[in-house]
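Novice: Submitted below is the structure of interest, expressed as structure tokens.
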Amino acid sequence: MANLLRRIWELPPRDAIRKALRRVRAKKGYDLDDLLRSSKHMNSQLFYNFLSRYESILHRSHGWDALVFEGQDVLEVGCGPVLGFGPLALFLGAASYTGVDPTFQPEWALHPRLRDKYYLGIYKDLSGIFGPRMTCERWLELLHTNARVFSATILDADLAGRSFGIMLSNSTIEHVEPLGPSVARLRELAAPGVRFIHLVDFGNHRATRSPFSGIYAVEPDAYRQKYGRGINLARPPDVLRIFDEAGFSAAMQPYYWFREFYDEPILPYWSNRYSDDDLFLKCAIVFSAGR
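Position one of the sequence shown corresponds to residue -2 (my numbering), numbered consecutively onward.
Next up, the structure:
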């Protein structure tokens, strides 16, 4: 705390106030100014880049056919503040887009200030890639009429009677708790022949040289006591088993391992349960098998 106060004290007054307010709001998510300044969230090519990268990996490794959004109802878990994959899905003809994210703030997602800063860039990028499928005005209208986001967990969102032909998430599954019941709920919402892509990041989500620093030197309860419950600590076999037990026909494709820079002991709790490949798989794609 002393170091934090010192850093804030050294900032210009306007930046110091902004930084302090951001920490107060941390559990509530972004305000509009935070959003507009975020290089991550204002990257209009981000979600196309994510999807094209994951599908390229799956096509190379499994002969994956690209998702066809035309006429599909799409569900995304953990869509973030600006509709996640929704703008892409609706541009490509999805009938509807539903997001579920407990941190979502509806007052910002389609704010007029985001039109020129963010959404216009998405429209221009997608039009260049896929051709001008519709006017920008029509596409923006679809974002208002055919996209809906629940500020809730997948277990709490009111999705009764809905079913979805495409399900997506990007670095979200590792944050979901309880994971088993949540994946079971996804299965209840899945339409026949559902196709899905879930990128899972198994790292510690902290700014450490090794993405696994702090995890394997202690047991899960001790890790959570020190760092909180931001990640569920499910390892690759756990995630795949949970999808299988829920009734999904799922497979897992490794994206990449990250063994470098890990210099801590690995407790028997971890080494007796998981192989080195399991422990150091940084990112993997859980996807609908057979398509």
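Every residue, glycine too, gets a C-beta built ideally from N, C-alpha and C.
On a predicted model such as this, the values are computed, not experimentally measured, just so you know.
Suppose the cutoff is 8 Å on Cβ atoms and the five residues either side in sequence are ignored; what does the same chain contact list for A23 look like?
Specialist: Bear in mind that a pLDDT of 44 at A23, under 50, signals an unreliable position, so the number given afterwards is only what the model happens to contain. Excluding residues within five positions, none has a Cβ falling inside 8 Å.
Novice: Are R206 and F277 closer than 8 Å when you measure CB to CB?
Specialist: The answer is no: Cβ separation not under 8 Å.
Novice: Roughly how many angstroms lie between the CA atoms of P84 and S268, to the nearest whole one?
Specialist: The alpha-carbon atoms of P84 and S268 are separated by roughly 42 Å.
Novice: Applying the criterion that 16 or more other CB atoms from any shown protein chain within 10 Å of the CB defines a buried residue, is T142 buried or exposed?
Specialist: Burial call: exposed.
Novice: What residue range does the alpha helix (DSSP H) around D275 cover?
Specialist: D273 to L276 is the extent of the alpha helix (DSSP H) around D275.
Novice: Would you tell me roughly how many angstroms separate the C-alpha atoms of L264 and D275, rounded to the nearest one?
Specialist: Cα-Cα distance, rounded: 14 Å.
Novice: List the whole-angstrom C-beta distance separating D198 from E171, where the pair is believed to meet the contact cut-off of C-beta under 8 Å.
Specialist: Between E171 and D198 the Cβ distance is about 6 Å, and since that is below 8 Å, they are a contact.
Novice: Any contact of the segment 156 to 164 with the segment 65 to 76, i.e. 3+ C-beta pairs under 8 Å?
Specialist: Yes, the segment 156 to 164 touches the segment 65 to 76.
Novice: Going by beta carbon distance, what residues of the same chain come within less than 6 Å of T150, once the five residues before and after it are set aside?
Specialist: P99, listed in sequence order.
Novice: With a cut-off of 8 Å on the beta carbons, I'd call G90 and H38 a contact; round off their distance for me.
Specialist: Between H38 and G90 the Cβ distance is about 25 Å, and since that is not below 8 Å, they are no contact.
Novice: Taking the straight line between their C-alpha atoms, what separation do you get for K223 and N229?
Specialist: Each residue's Cα considered, the two are about 14 Å apart.
Novice: Between which two residues does the alpha helix (DSSP H) containing Q222 stretch?
Specialist: Note, Q222: alpha helix (DSSP H), P217 to Y224.
Novice: With a cut-off of 8 Å on the beta carbons, I'd call A243 and A286 a contact; round off their distance for me.
Specialist: 14 Å between Cβ atoms; not a contact.
Novice: Would you list the one or two residues that DSSP bridges to G96?
Specialist: Its beta-bridge partners are E73 and V146.
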